[in-house]
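A short worksheet on the structure shown next.
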Amino acid sequence: MLRLEKRPQPSAAWGWATPVLAVALTMVAGGILFAALGKDPFAAIKMIFWDPLFNPQFASYSRPQLLVKAGPLILIAVGLAIGFRAGIWNIGAEGQYIIGALCGAAVALAFFPSPGWYIFPLMVLAGAFGGWAWAMIPAILKTRFNTNEILVSLLLVYVAEKILAAMATGRMRNPDGAGFPGSRNIAQYPAASNPELIANSGMHWGVVTAFIAVIFAYILLHKHILGYQVQLAGQAPRAARFAGVAPARLVVLCLGLSGALAGLAGLFEVAGPARMISIDFNVGYGFTAIIVAFLGRLHPVGIVLAGLLMALTYIGGELAQFMLGLPSASIQVFQGMLLFFLLAFDVLSNYRIRFARAEAA
Amino acid sequence: MIDLSSINPVVLAAALMVAATPILLAAIGELVVEKAGVLNLGVEGMMITGAVTGFAVAVMTRDPYLGLLAAAVGGATISLIFAVLTQVMMANQVASGLALTLFGLGFSALLGQGFVGVSPPRTPRLDFGWLTELPVIGPILFRHDPMVYVSLILVAAVWYFLNYSRGGRILRAVGENHEAAHALGYNVRRVRILAIAFGGACAGLGGAYLSLIRVPQWTEGMTAGAGWIALALVVFSSWRPWRVVLGAYLFGGIIVLQLNLQAAGFRIPVEYLAMSPYLVTILVLVVMSSGRARKTLAAPGSLGRPFHASG
Amino acid sequence: MSEPLLAIEGMTKTYPGVVANSDVSFDIGKGEIHALLGENGAGKSTLVKAIYGLIRPDSGSMRWRGAPFTPSAPHEARAAGVAMVFQHFSLFDALDVAENVALGMDNPPPLRRLAAQIRKVSQDYGLPLDPDQLLGDLSAGQRQRVEIVRCLLQDPHLLIMDEPTSVLTPQEVDTLFRTLRQLRSEGRSILYISHKLEEIRALCDKATVLRLGKVVGRCDPRQKTARELAEMMVGTKLHQPERPPHAPGEVALEIRALNLASPSPFGTRLKEVSISVHAGEILGIGGVAGNGQDEFLAALSGEMRAPRGAVFVKGEPVGHLGPNARRALGLLCAPEQRLGHAAAPEMTLTENALLTGAWRQKLVKGGLVNWTKTRGFAEAVIKRFDVRTPGPQVVARALSGGNLQKFVIGREIMQRPEVLVVNQPTWGVDAAAAAAIRQALMDLAQGGAAVVVISQDLDELLEIADSFAALNAGRLTAKRPVRGLTLDQIGLMLGGADEDTDAAA
């Protein structure tokens, strides 16, 4: 019989190995899933993980998409990871992403069509503010009334989606759009657009911001006393209070930071790749970023790698959908399985598996 | 134009019970899970899995009851993934619950592809003879499908089980202090896995109630946060079964009322009315978790804490 | 001699890296109170768990009334007639007394009948209990009664008691002993686990002494002195902490009429707590667990804020300040719970050194942590306090209780406090480490710091403290010099009776 035995010290080697192992097993399980759907598993896996980068037929289109998709994922995940380390569970990044986009777009639409160098920076501020403010709702309810931030932040996603729908069909609807839902095309409004900075690279201001956020998070988490306090609060809340950490301040800080980053991600998306506010503007980056944060082991550098990998599954998934007729939902299942395997294998870094004589139960 | 006269209170009350049943089913299951000391945030994922398996089986067999059964089995099966992760692999419960929800949403979308736009077999309403004919009371209480009554019987059964049976006592003991329960020789892991499976079955039933009876149709992501509302409901109930009924019917009332206001052409845009159930849920959470109310909350002592028997 | 009730023969149990029991043999006779004596980590708990069916020994055998006895689960042990009162009670706060009792029985009668039985048994043995009361509302002494009544209802032949008096006042201990002697006179046997030597001498008929998993002695404890028993238990001559004579300095810590509600629902409110401690003085604060010790420490550490003028360090009001501001003024603390409060279990010793040392040791500059310096600080603590560990990169939970406690207390002492407050400094610590910690506290006081030691171990307080006060239900008695204090007086102080009320009565 198998028994788990707690390691005296968490294994660093397994800490690095588990994400790799989880990805490998997800490929196997995913292959089985694709086979069950009647697709050639090897072709599907290759289509998802290889072709977007190296197949000459698709790579020219797909490669830039990698950064386009990874940018928001990394930006959101870095913020979430800081909170998760502190045991503060913001799972409503999707909502903060939407509100950030709406606030940024509102600035753009208010100035339309006047030029001005200050418009885009103002939008950036508005986007960050929107996400921050939306995240402050669970933060303040948590610190004032001890309300569970998981439920509140998640429920606010649905509220944000309704606001998005109301805006897309109401206030922000394009007056020249013949009554169709959706706003003006912000990406075509020069003073407000978030263009591709280097042709065919996918690099836009959001990606730049994501990398700045990663560096910033690395310093915060590993060099700054605040990062230490975050870690302490997550692992041993009582010890954190003993060390003089004010839990309320940490909640406000972590939720605010992750909210602002999610809001920024939304703003850069609406002014760039998504081009406008529409009913189906949000595509689940806020939720996938949770997977990215865990897959990256809540470590900024890990998150970059995990974000790129997740982006790849998105692009490859679309490709497989287009070329092989693989259902779009299967990529969601694929991502879910990845998280399962990751959580399951995490046991190996904290426990040792022993073959033991069966103890009579 | 507002036409409030088009809202019939009797119809409203009857519809309220129907609207409340899915979250009632899911919440009573989660209540048992939490009483055993486990926080499963995957309710939404289990509900939607139940919704699609129930729908698929009902359509294929043309039997709604087989569908409901399949939904319970489906919900319980997928909950076992969570059970293995958290009880065997000692994974973080919050993360595992989220994973279950993310996976369930994708998995259900995949399974449900062939079923979009299909009509499920009708679930007949029960006929209580003369009771059904009673004015006002008849349509409100005695003209429903069997699941409305099943959900209430389930609550009664859970209430009895938790308070008056040995099994319920053990389950509460495990949730209250798992080290002590282990020291007395109770199998903490087994109790918890059983509770998780029960919660999964209930959530599955709740999901299938949505797809087979309330809507009745399959659409992707159709649970639309009902699982999260059910989770909030458990907090609202202070872990007491009958309060879950109260809470569920309260939410049912809000859902039905806002739908009626929409239909009556209330001047607020539809979207703002549609967000009211979520906002009310948040409001209730705030009231329940603040100040004096918190003392009566009595969350199980070991809720969310992992247990690993050493030695 | 008649056949023993339980005979243990060559019992061995190993855990990875530790031999918990090695070839342990002893007998428990019928109607005998048998003491199992040993330090923390001597293997007492492992042995008892094997008898109770919670673990299986690797080798060796047990015989129960001559027949082989191999319980593989607690209910099998209970069926044979073994009952156990746990050190950390196996009770459930949110359930009532009757439900708690029922959970410890294999075939409980319906609750109403059980309630009647509980009333009867608890009366018969002088342990009054109300079966309908919620457990969370009971005191530690009452909780123990629930455990004992639960055992008695099953009519046990052997009652195992694991450190039963650690949570009791001297008066409550007397009541317990009366009950235990009554049980013995009924022909029941008791396996009594303790490291309190005086109790064992007063109560037990036989003793088996364990050290590092092995039986190192058997005796009739009534024929031995406490010192002889202690040396059997520890194996070496104990180092007695000592301190040259000294005169107290100025007032270093003063508390004035401190009233503070506990943040936790089952906590204790501090009521009108006033005391002053001088530089060079060691104040011992006694009291049964749960009488406000945690709250008292939190009020001093700054985890709980008080009114500004309720706490003073060297005349400076600090009541309103947070933990780090108080540390800056020289008020340092070491809480009771090592893992999770004084130290983060999953963090390395280096990281744990930063936990309280960040500001006073100047380990942080401009918000950035100087990890090299922090590591140096951790290494210095390890070296000076003889913490046995491979190095500061080890996580805290990998250390033994004694070593971690040396690290935690050493971490505070190394920061040269003006006032040091420690809660249960030697709880669950082996004798050598305990002696080292006591000596370090005395040295600190000798160097001119005021030291407050909160402890439930009266022997410890009487050994090292200059003055004594007791916490009872959140109230602190006036302090009295330890010299000349009798056990009876201490018992009264612990029970909440003050000098004045005493005189009035």
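Residue numbers (our numbering), protein chains in the order written: chain A, 925 to 1285; chain H, 7 to 317; chain W, 39 to 543.
Built from N, CA and C at the ideal position, the CB exists for glycine as well.
From a predicted model like this one, the values you see are computed outputs, not experimental measurements.
Item to check | Separation of Val1002/A from Trp938/A, as counted between CA atoms | outcome: The straight-line gap separating the alpha-carbon atoms of Trp938/A and Val1002/A is approximately 22 Å.
Next on the checklist: For Gly1051/A and Cys1027/A, which I take to be in contact (beta-carbon distance under 8 Å), what is that distance rounded to the nearest angstrom?
Outcome noted: Contact check for Gly1051/A and Cys1027/A: beta-carbon distance about 6 Å, within the 8 Å limit, so the pair qualifies.
Item to check | chain W contact for Asn183/H (CB, 9 Å cutoff) | outcome: The C-beta of Asn183/H comes closer than 9 Å to at least one C-beta of chain W.
Next on the checklist: By DSSP's criteria, Arg518/W is part of a beta bridge. Which residues make up the other side?
Outcome noted: According to DSSP, Arg518/W bridges with Phe506/W.
Next on the checklist: DSSP three-state label for Cys189/W, please.
Outcome noted: In the structure shown, Cys189/W sits in a helix (DSSP, three-state: H, G or I).
Checklist entry - In terms of DSSP beta bridges, what is Thr246/W paired with? => result Beta-bridge pairing links Thr246/W to Leu74/W, Arg256/W.
Checklist entry - Just checking my contact of Ala1116/A with Phe1044/A at CB under 8 Å: how many whole Å lie between their CB atoms? => result Yes, Ala1116/A and Phe1044/A are in contact; Cβ-Cβ is about 6 Å, under 8 Å.
Next on the checklist: Please list, in chain order, the residues of the segment 182-201 of chain H that have any C-beta partner in chain W closer than 7 Å.
Outcome noted: From the segment 182-201 of chain H, only Glu182, Asn183, Ala186, Ala189, Leu190, Gly191 have a Cβ closer than 7 Å to chain W.
Checklist entry - Within this structure, are the beta carbons of Ser227/W and Leu196/W separated by less than 9 Å? => result Yes, the Cβ-Cβ distance between Ser227/W and Leu196/W is below 9 Å.
Next on the checklist: Measuring straight from C-alpha to C-alpha, what distance separates Gly1007/A and Leu928/A?
Outcome noted: Roughly 29 Å between the two C-alpha positions.
Checklist entry - Among residues of its own chain, excluding the 5 on either side of Arg518/W, which ones have a beta-carbon nearer than 7 Å to its beta-carbon? => result Closer than 7 Å at Cβ, skipping near neighbours: Ser505, Phe506.
Next on the checklist: Just verifying my parser: in three-state terms, what is the DSSP assignment at Glu224/W?
Outcome noted: Correct three-state label for Glu224/W: coil.
Item to check | Under 7 Å by beta carbon: chain H residues contacting Glu137/W | outcome: Arg175, listed in chain order.
Next on the checklist: Can you look up His184/H in the DSSP assignment and give me helix, strand or coil?
Outcome noted: DSSP places His184/H in helix when its eight states are reduced to three.
Checklist entry - When the distance is taken between beta carbons, is Gly324/W closer than 9 Å to Leu509/W? => result Here Leu509/W is near Gly324/W, since their CB atoms are less than 9 Å apart.
Checklist entry - What does Ala436/W touch in chain A if you count any residue whose Cβ is under 7 Å from its own? => result Here the neighbours are Pro932, Gln933.
Next on the checklist: Suppose you measure from the CA of Ala186/H to the CA of Thr950/A; what does that come to, to the nearest Å?
Outcome noted: C-alpha separation (whole angstroms): 38 Å.
Checklist entry - With DSSP run on the structure shown, which of helix, strand or coil describes Asn461/W? => result Strand.
Checklist entry - Which bits of chain A does Ser308/H rub up against, with CB to CB less than 7 Å? => result Under the 7 Å cutoff, chain A gives no residues; its nearest Cβ is about 16 Å from Ser308/H.
Item to check | Other residues of its chain near Leu369/W: CB distance less than 6 Å, five sequence neighbours each side excluded | outcome: Val351, Val457, listed in sequence order.
Checklist entry - Can you tell which of Asp96/W, Gly404/W, Leu248/W has its C-alpha closest to the C-alpha of Lys1147/A? => result Here the closest residue by C-alpha is Gly404/W.
Checklist entry - If you drop the 5 nearest sequence neighbours on each side, which residues of the same chain put their C-beta closer than 6 Å to that of Asn78/W? => result Gly466, Asp468.
Next on the checklist: Using a Cβ-Cβ cutoff of 7 Å, what residues of the segment 105-119 of chain H are near chain A? List them in chain order.
Outcome noted: Residues Ala105, Leu108, Phe109, Leu111, Gly112, Phe113, Ala115, Leu116, Gln119.
Checklist entry - How would you call Gln220/W, buried or exposed, if buried means at least 16 neighbouring beta carbons within 10 angstroms? => result Classification for Gln220/W: exposed.
Checklist entry - Buried or exposed: Trp974/A, going by 16 or more other Cβ atoms within 10 Å of its Cβ? => result When all chains shown are included, Trp974/A counts as exposed.
Next on the checklist: Considering Cα atoms alone, identify which of Arg931/A, Arg987/A, Ala1084/A, Phe982/A is closest to Asp1204/A.
Outcome noted: Closest option to Asp1204/A, Cα to Cα, is Ala1084/A.
Next on the checklist: Using a Cβ-based criterion (distance less than 8 Å to any ligand heavy atom), does Val460/W qualify as near the ligand FMN?
Outcome noted: With respect to the ligand FMN, the structure offers nothing, as it holds no ligand at all.
Checklist entry - Which residues, in chain order, does the segment 324-350 of chain W contribute to contact with chain A at a C-beta distance below 9 Å? => result Taking 9 Å as the upper bound on Cβ-Cβ separation, chain A lies near residues Ala336, Ser339, Gly340, Glu341 of the segment 324-350 of chain W.
Checklist entry - Which class does Glu537/W belong to by DSSP, given the choice of helix, strand or coil? => result Residue placement at Glu537/W is flagged as unreliable, the pLDDT there being 46, under the threshold of 50; a coordinate-derived value is accordingly withheld.
Checklist entry - chain H beta carbons: is any one of them nearer than 9 Å to that of Phe124/W? => result At least one CB atom of chain H sits nearer than 9 Å to the CB of Phe124/W.
Item to check | Burial state of Asn441/W (16 or more Cβ within 10 Å) | outcome: Taking all protein chains shown into account, Asn441/W has 16 or more neighbouring C-beta atoms within 10 Å of its C-beta and is therefore buried.
Checklist entry - What residue does the alpha helix (DSSP H) around Ala1052/A start on, and which one ends it? => result Per DSSP, the unbroken alpha helix (DSSP H) holding Ala1052/A starts and ends at 1043-1069.
Checklist entry - How is Arg1278/A classed by DSSP in three states: helix, strand or coil? => result Three-state result, Arg1278/A: strand.
Next on the checklist: With a threshold of 7 Å on Cβ separation, who are the neighbours of Gly202/H within its own chain once the five nearest residues in sequence on each side are excluded?
Outcome noted: Reading off the sequence shown, one finds Ile at residue 202/H, where the question assumed Gly. Val39, Val44, Asn46, Ser85, Phe88, Ala89.
Item to check | Buried/exposed call for Asp1270/A, threshold 16 Cβ in 10 Å | outcome: Asp1270/A should be labelled buried.
Next on the checklist: With DSSP as the reference, identify every bridge partner of Ser99/W, one or two as the case may be.
Outcome noted: DSSP lists Glu47/W as the bridge partner or partners of Ser99/W.
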